[in-house]
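Chemist: So that we are looking at the same thing, I have put the structure below in structure tokens.
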Amino acid sequence: MGDKVLMKGTEAIGEAAIRADCQCFFGYPITPQTEVAAYMAKKMPELGRVFVQAESEVAAINMVYGAAGTGVRCMTSSSSPGISLKAEGISYIAGAELPCLIVNIVRGGPGLGSIQPAQSDYFQATKGGGHGDYNMPVFAPSSIQEMVDLIQEAFDVADAYRTPCMLMGDGMLGQMMEPVEFHETARRELPKKDWAADGLRGRAHHNVINSLYLNPEELEQHNLHLQEKYQQIKKNEARYEIYNCEGEVDIILAAYGTTSRVCKNVIKMAAEEGIRVGLVRPITLWPFPNEAFEKTVEHTKYGYLAVEMSAGQMIEDVRLVVNGRKPVGFHGRMGGMVPNPEDILAKVRELALEGVK
Amino acid sequence: MALTFEKPKGLTDVPTHYCPGCTHGIIHRLIAEVVDELGVLDKTVGVAPVGCSVLAYDYFSCDMYEAAHGRAPAVATGIKRAKPDATVFTYQGDGDLAAIGTAEIVHAATRGEKITTVFVNNAIYGMTGGQMAPTSLPGQVTETSPYGRNTGLAGYPIRVSEMISTLDGASYVERVSVDSVKNVMRAKKAIKKAFEYQIAGKGFSMVEVLSTCPTNWGLSPTEALTWLRDNMMPYYPLGVKKDIGEED
Chain H
68 MGDKVLMKGT
78 EAIGEAAIRA
88 DCQCFFGYPI
98 TPQTEVAAYM
108 AKKMPELGRV
118 FVQAESEVAA
128 INMVYGAAGT
138 GVRCMTSSSS
148 PGISLKAEGI
158 SYIAGAELPC
168 LIVNIVRGGP
178 GLGSIQPAQS
188 DYFQATKGGG
198 HGDYNMPVFA
208 PSSIQEMVDL
218 IQEAFDVADA
228 YRTPCMLMGD
238 GMLGQMMEPV
248 EFHETARREL
258 PKKDWAADGL
268 RGRAHHNVIN
278 SLYLNPEELE
288 QHNLHLQEKY
298 QQIKKNEARY
308 EIYNCEGEVD
318 IILAAYGTTS
328 RVCKNVIKMA
338 AEEGIRVGLV
348 RPITLWPFPN
358 EAFEKTVEHT
368 KYGYLAVEMS
378 AGQMIEDVRL
388 VVNGRKPVGF
398 HGRMGGMVPN
408 PEDILAKVRE
418 LALEGVK
Chain E
64 MALTFEKPKG
74 LTDVPTHYCP
84 GCTHGIIHRL
94 IAEVVDELGV
104 LDKTVGVAPV
114 GCSVLAYDYF
124 SCDMYEAAHG
134 RAPAVATGIK
144 RAKPDATVFT
154 YQGDGDLAAI
164 GTAEIVHAAT
174 RGEKITTVFV
184 NNAIYGMTGG
194 QMAPTSLPGQ
204 VTETSPYGRN
214 TGLAGYPIRV
224 SEMISTLDGA
234 SYVERVSVDS
244 VKNVMRAKKA
254 IKKAFEYQIA
264 GKGFSMVEVL
274 STCPTNWGLS
284 PTEALTWLRD
294 NMMPYYPLGV
304 KKDIGEED
């Protein structure tokens, strides 16, 4: 298609989802992602598709559960406190193995927090969030273009593995405007949805969408099946960007989303001072791209510096994979503050001189 | 010999787990008969609740969903919006619908979702072992109202049908009972009408069914029917609460 337009992040999410054949949107307003719902409210009816403003985030995610169970592509969108409310439904969707897209445009927390950008939902997104042993693929774009491209991919991954997928941005990515191009991308072959429950329509047996297993042996088997699926996702779907890490570098920054963009500026600024800095940028937060760290761990002289808009959440995954082979430092801001390049550079300078503590 | 009575096609050949004297089995059968008679089994989708009827998805032979506690009307909304030609019903108890799921039922009704809810009211939480429900009667002794429901402390029962009937999106709301043959026949007629209204696209329809819980009421099945008549019917009067009839 290739039409380049200037779009706000939240509206680009809506347009990308429509182009990915999303048939139903169920949502509830919450800053800073309300424009996703507004965009869908305008566009979906024009296309004969479904938009429902639910009475709550809880209802919205359960509407997704209902629609996803019929086999149509569907989604919801929210921001941090709203995602907490959706956690119940996400657990059920994971348990019932339904494909759908959940957008989280993260704001500061805990509690009502702020409406400014943050990355403090990392644990919630990647370590379950709802109850029970489950995971879901979490895509973390760093530009509006990437956000658009990953929405198609997230829907495909959801269908391929029968899993909810999350697109996790932050308030900055949601609210900024950038030029975007909508491509026709190569699509993977997707399995038939013969499990869908939308009426027998001639089928001999009834389909049931369910996550209840009263027999513990059956539930364990179901859990083992889910874990096997998660292993496949870990093996096949981890995504990352390695930037400026060729040869030996002094420090490698580890950052995703908006923070990784700030880090790219830091790399330029550091180069002017003769400090060689690289970046590992996870694009999927779950599965965590361990490979990107394996590939770079021998290249960094003083180790890694995790930069996050949180108290330090992703750093735990970085430390797990680095496993003591190199030091891992941390620089973070909270409460809706975006780390500024000067502060990160000061930290880099300090580490390059003194070594990562 | 001519066959005079058989299991409706809408039910599977699975024995139910319900307690002796519980009327869930009758209500299941009525829904299945209605689905058969309306010829919509092939496109009917049911949503089971959390509570005693949590396994209803095993008993109905149409496509089924198991919803989270109270969320059945939201799940049904998703199904119906995604597949508007499907006939969608929720089957919900009083804890599910009148406590944790109050928001979902009120808003599904007020949106005029073209779904049908069968609301089974037995004035108690059955599955968890007889605790006070939003529908437990003033003075009723339950596990969590051991001195009798004190309205000063625990508030009053919710008359769900009367409440839902005030909402513009509701097309048909009736309260029935399955305590006698006559009332079972009336209940079936109401359930059929509720499904017909949905199929005609008239909006949200609901049938509240007064039901027994001999186990948790601590009564024999026949005593339970008497208790229902003597105590529930005066508080929850039977009859049509709303019917938009031929209106659009």
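In order, the protein sequences belong to chains H and E.
68 is the number of the first residue of the first sequence in the numbering used here; add one for each residue after it.
64 is the number of the first residue of the second sequence in the numbering used here; add one for each residue after it.
A virtual CB, placed ideally from N, CA and C, is assigned to each residue, including glycine.
What number of angstroms, rounded off, separates the C-alpha of Glu155 (chain H) from the C-alpha of His198 (chain H)?
Modeler: To locate residue 155 (chain H), count along the first sequence from 1; it is residue 88. To locate residue 198 (chain H), count along the first sequence from 1; it is residue 131. Going from the Cα of Glu155 (chain H) to the Cα of His198 (chain H) covers about 7 Å.
Chemist: On the CB-based measure, 16 or more other CB atoms within 10 Å of its CB, does Phe68 (chain E) come out buried or exposed?
Modeler: Counting from one through the second sequence, the residue named residue 68 (chain E) turns up at place 5. Phe68 (chain E) should be labelled exposed.
Chemist: In chain E, what lies closer than 7 Å to Ala264 (chain H) by C-beta?
Modeler: Locating residue 264 (chain H) in the first sequence gives position 197, counting from the first residue. Going along chain E in sequence order, the residues near Ala264 (chain H) (Cβ under 7 Å) are Val108, Asp126, Met127 and Tyr128.
Chemist: Could you name the residues of chain H that Tyr81 (chain E) contacts, counting a contact when the two beta carbons are closer than 7 Å?
Modeler: Start at 1 with the first residue of the second sequence, and residue 81 (chain E) comes out as number 18. Within 7 Å Cβ-Cβ: nothing; Tyr81 (chain E) doesn't reach chain H, min ~15 Å.
Chemist: What does the Cβ neighbour count give for Ala378 (chain H), buried or exposed, with the cut at 16 atoms within 10 Å?
Modeler: The sequence position of residue 378 (chain H) within the first sequence is 311, counting from 1. Exposed, since its Cβ has fewer than 16 Cβ neighbours within 10 Å.
Chemist: Please name the residue in H:Val139, H:Ala185, H:Asp261 and H:Glu164 whose C-alpha comes closest to that of Met235 (chain H).
Modeler: Residue mapping note: residue 235 (chain H) aligns to position 168 of the first sequence, counting from 1. Answer by Cα proximity: H:Ala185.
Chemist: In chain order, what residues of the same chain have a beta carbon less than 6 Å from the beta carbon of Met74 (chain H), not counting five sequence neighbours either side?
Modeler: For the purposes of this step, residue 74 (chain H) is taken as residue 7 along the first sequence, with counting starting at 1. Val247.
Chemist: Could you tell me if Gly241 (chain H) is buried or exposed, where buried requires 16 or more neighbouring beta carbons within 10 angstroms of its beta carbon?
Modeler: As a position in the first sequence, residue 241 (chain H) is number 174, starting the count at 1. Classification for Gly241 (chain H): buried.
Chemist: Does the structure place the region 304-311 of chain H close enough to the region 335-346 of chain H that three or more beta carbon pairs sit under 8 Å?
Modeler: yes
Chemist: Determine the direct distance from the alpha carbon of His91 (chain E) to that of Pro78 (chain E), and round the result to whole angstroms.
Modeler: The residue labelled residue 78 (chain E) in the question sits at position 15 within the second sequence. The residue labelled residue 91 (chain E) in the question sits at position 28 within the second sequence. Looking at the two C-alpha atoms, the distance is approximately 12 Å.
Chemist: Applying the 10 Å Cβ sphere with the 16-neighbour rule, what's the burial state of Met130 (chain H)?
Modeler: As a working note, residue 130 (chain H) is residue 63 in the first sequence. Looking at its Cβ environment, which holds 16 or more other Cβ atoms inside 10 Å, Met130 (chain H) is buried.
Chemist: Counting contacts by CB-CB distance shorter than 7 Å, is Asp100 (chain E) in contact with chain H?
Modeler: For the purposes of this step, residue 100 (chain E) is taken as residue 37 along the second sequence, with counting starting at 1. It should be noted that the sequence gives Glu, not Asp, for residue 100 (chain E). Cβ-Cβ to chain H under 7 Å: no for Glu100 (chain E).
Chemist: Which full runs of the beta strand (DSSP E) of 3+ residues lie inside the region 230-272 of chain E, going along the chain?
Modeler: 233-240
Chemist: So if DSSP puts Trp353 (chain H) in a beta bridge, which residue, or which two residues, is it bridged to?
Modeler: What you label residue 353 (chain H) is simply residue 286 of the first sequence in a count that begins at 1. Answer is H:Val205, bridged to Trp353 (chain H).
Chemist: Using 10 angstroms around the beta-carbon of Val45 (chain H), count the other beta-carbons present and answer buried if the total reaches 16, otherwise exposed.
Modeler: No statement about residue 45 (chain H) is possible, as the shown extent of chain H runs from 68 to 424 and does not include it.
Chemist: Can you tell me whether Arg386 (chain H) is helix, strand or coil according to DSSP?
Modeler: To locate residue 386 (chain H), count along the first sequence from 1; it is residue 319. Three-state DSSP puts Arg386 (chain H) in a helix.
Chemist: Give me the Cα-Cα distance between Gly94 (chain H) and Ser327 (chain H), rounded to the nearest whole angstrom.
Modeler: Taking the first residue of the first sequence as position 1, residue 94 (chain H) is located at position 27. Taking the first residue of the first sequence as position 1, residue 327 (chain H) is located at position 260. So the two alpha carbons sit approximately 29 Å from each other.
Chemist: Report the option in H:Gly81, H:Ile150, H:Glu251 and H:Gly115 whose CA atom is closest to the CA atom of Met107 (chain H).
Modeler: As a position in the first sequence, residue 107 (chain H) is number 40, starting the count at 1. Selected option, being the one with the closest Cα: H:Gly81.
Chemist: Could you round the C-beta distance between Asp242 (chain E) and Arg292 (chain E) to whole angstroms and report it? I think they count as a contact, below 8 Å.
Modeler: For the purposes of this step, residue 242 (chain E) is identified with residue 179 of the second sequence, where counting begins at 1. For the purposes of this step, residue 292 (chain E) is identified with residue 229 of the second sequence, where counting begins at 1. Arg292 (chain E) and Asp242 (chain E) do touch by the CB rule: their CB atoms are close to 6 Å apart, below 8 Å.
Chemist: Does any C-beta atom of chain E lie closer than 7 Å to the C-beta of Ala268 (chain H)?
Modeler: Numbered from its first residue, the first sequence carries residue 268 (chain H) at position 201. As written in the sequence, residue 268 (chain H) is Arg, which differs from the Ala given in the question. So yes, Arg268 (chain H) belongs to the interface.
Chemist: From this set, H:Leu387, H:Asp317, H:Val119 and H:Lys331, which residue's C-alpha is nearest Arg416 (chain H)'s C-alpha?
Modeler: On the first sequence, residue 416 (chain H) is found 349 positions in, with the first residue counted as 1. For the residues H:Leu387, H:Asp317, H:Val119 and H:Lys331, the minimum Cα distance to Arg416 (chain H) belongs to H:Asp317.
Chemist: Pull up the distance between the alpha-carbon of Glu315 (chain H) and that of Thr363 (chain H), whole angstroms please.
Modeler: Against the first sequence, residue 315 (chain H) aligns to sequence position 248. Against the first sequence, residue 363 (chain H) aligns to sequence position 296. The straight-line gap from Cα to Cα measures roughly 9 Å.
Chemist: From Gly176 (chain H) to Val72 (chain H), what distance separates their C-alpha atoms?
Modeler: Mapped onto the first sequence, residue 176 (chain H) falls at position 109. Mapped onto the first sequence, residue 72 (chain H) falls at position 5. Each residue's CA atom was taken as its position, placing Gly176 (chain H) and Val72 (chain H) some 33 Å apart.
Chemist: Between the region 148-166 of chain H and the region 117-125 of chain H, are three or more C-beta pairs nearer than 8 Å?
Modeler: yes
Chemist: So, is the C-beta of Tyr298 (chain E) closer than 7 Å to a C-beta in chain H?
Modeler: For the purposes of this step, residue 298 (chain E) is taken as the residue at position 235 of the second sequence. Chain H contact via Cβ: absent.
Chemist: Which residues in the same chain have their Cβ closer than 8 Å to the Cβ of Glu358 (chain H), if we skip the five residues on either side of it in sequence?
Modeler: Sequence index remark: in the first sequence, residue 358 (chain H) carries index 291 (1-based). Ala305 and Tyr307.
Chemist: Mind listing the chain H neighbours of His170 (chain E)? Cutoff is C-beta to C-beta under 9 Å, in chain order.
Modeler: Locating residue 170 (chain E) in the second sequence gives position 107, counting from the first residue. Here the neighbours are Ala121, Glu122, Ser123 and Ala126.
Chemist: Quick check for students: name the residue ranges of the beta strand (DSSP E) that lie wholly in the region 289-362 of chain H, counting only runs of 3 or more.
Modeler: 307-310, 318-321, 344-349 and 351-353
Chemist: List, from N- to C-terminal side, the beta strand (DSSP E) runs of 3 residues or more that fit wholly inside the region 186-253 of chain H.
Modeler: 231-237 and 244-249
Chemist: Going by DSSP, which residues form a beta bridge with Ala84 (chain H)?
Modeler: For the purposes of this step, residue 84 (chain H) is taken as the residue at position 17 of the first sequence. None, per the DSSP bridge assignment.
Chemist: Could you please give me the residues that DSSP links to Met74 (chain H) through a beta bridge?
Modeler: Within the first sequence, the letter at position 7 stands for residue 74 (chain H). Met74 (chain H) is bridged to H:Glu245.
Chemist: Do Gly141 (chain E) and Ala227 (chain H) have their beta-carbon atoms positioned less than 7 Å apart in this structure?
Modeler: Taking the first sequence and counting its residues from 1, one reaches residue 227 (chain H) at position 160. Taking the second sequence and counting its residues from 1, one reaches residue 141 (chain E) at position 78. No, the pair does not count as a contact, with Cβ atoms beyond the cut-off.
Chemist: Please state if the CB of Ile221 (chain E) and the CB of Ala161 (chain E) are separated by a distance shorter than 7 Å.
Modeler: Indexing the second sequence from 1 puts residue 161 (chain E) at position 98. Indexing the second sequence from 1 puts residue 221 (chain E) at position 158. Yes, Cβ-Cβ distance for Ala161 (chain E) and Ile221 (chain E) is below 7 Å.
Chemist: Residues of chain E with CB under 7 Å from Thr137 (chain H), in chain order?
Modeler: Locating residue 137 (chain H) in the first sequence gives position 70, counting from the first residue. In chain order: Ile142, Ala145 and Lys146.
Chemist: Since Tyr323 (chain H) and Met381 (chain H) are thought to touch, with beta carbons under 8 Å apart, how far apart are those beta carbons, to the nearest angstrom?
Modeler: Mapped onto the first sequence, residue 323 (chain H) falls at position 256. Mapped onto the first sequence, residue 381 (chain H) falls at position 314. Tyr323 (chain H) to Met381 (chain H), Cβ: 7 Å. Contact.
Chemist: Is Pro148 (chain H) helix, strand or coil by DSSP?
Modeler: The residue you call residue 148 (chain H) lines up with position 81 of the first sequence. Three-state DSSP puts Pro148 (chain H) in a helix.
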